[in-house]
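No gaps in the numbering here: position 116 of the sequence shown is 115 in numbering that gives the first Met the number 0, and each next residue is one more. Where a beta carbon is used, it is the ideal one built from N, C-alpha and C, also for glycine. Since the structure is predicted, the reported quantities are computational estimates derived from the model, not experimental observations. Accompanying notes for the structure given below.
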Amino acid sequence: MKIKMTSVYVDDQEKALRFYTEVLGFAKKADFSNGPFRWLTVVSPEDPGGIELQLALNDNPAAMAYQQAMFQQGQRAAMFYTDDVNGDYERIRARGAAFTMPPTSVTGSTIATLNDTCGNLIQLTQLARW
Numbered sequence: 000m001k002i003k004m005t006s007v008y009v010d011d012q013e014k015a016l017r018f019y020t021e022v023l024g025f026a027k028k029a030d031f032s033n034g035p036f037r038w039l040t041v042v043s044p045e046d047p048g049g050i051e052l053q054l055a056l057n058d059n060p061a062a063m064a065y066q067q068a069m070f071q072q073g074q075r076a077a078m079f080y081t082d083d084v085n086g087d088y089e090r091i092r093a094r095g096a097a098f099t100m101p102p103t104s105v106t107g108s109t110i111a112t113l114n115d116t117c118g119n120l121i122q123l124t125q126l127a128r129w
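Shown next as structure tokens:
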């Protein structure tokens, strides 16, 4: 058994697609609709056959309440690993992303947190080299 996909709720799928591709640098993997439902996923361009991130519309009141509560509590909706958190911080910030925490050393890693503009906090993590 393995993880193939995970989801984050977003308040606007088109805005989320632009942010996750143009700002973060992910690649669109799947995008199709069936009536009002839109299935939208992105992947790392470094691993196009890897784990997909679904950008799921938070049109369900429970999903919206969950997303808002997590954001208000400062909880991250997703964590992305990087080999260069400082470089990614500079690259992503130059593309207009608002960081709520710049790269910060913590036990075993360096992390940074940003607002995805779609209702979520995202953490970038670079593991320490021992």
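Residues near Thr112 by beta carbon distance below 6 Å, same chain, minus five either side: Thr99, Met100, Leu120, Gln122
Distance between Met63 and Ser32 (C-alpha atoms, nearest Å): 21 Å
Helix, strand or coil at Leu126 [DSSP, three-state]: strand
Nearest-angstrom Cα separation, counted from Leu23 out to Arg92: 10 Å
Sub-9 Å separation of Gln71 and Tyr8 beta-carbons: no
Delimiting residues of the alpha helix (DSSP H) encompassing Thr92: The amino acid occupying residue 92 in the given sequence is Arg; Thr does not appear at that position. Taken as a continuous stretch (DSSP letters only), the alpha helix (DSSP H) holding Arg92 covers 84 to 93.
Inter-residue spacing [alpha-carbon to alpha-carbon] between Phe36 and Leu56: 9 Å
Rounded separation between Asp58 and Gly118 - CA only: 13 Å
Continuous alpha helix (DSSP H) stretch holding Glu13: start and end: 12 to 17
C-beta atoms of Ala15 and Leu54 nearer than 9 Å: yes
Beta carbon of Leu126 nearer than 9 Å to that of Tyr80: yes
Boundaries of the beta strand (DSSP E) in which Ala96 is found, first to last residue: Note, Ala96: premise wrong, no beta strand (DSSP E); not H, not E.
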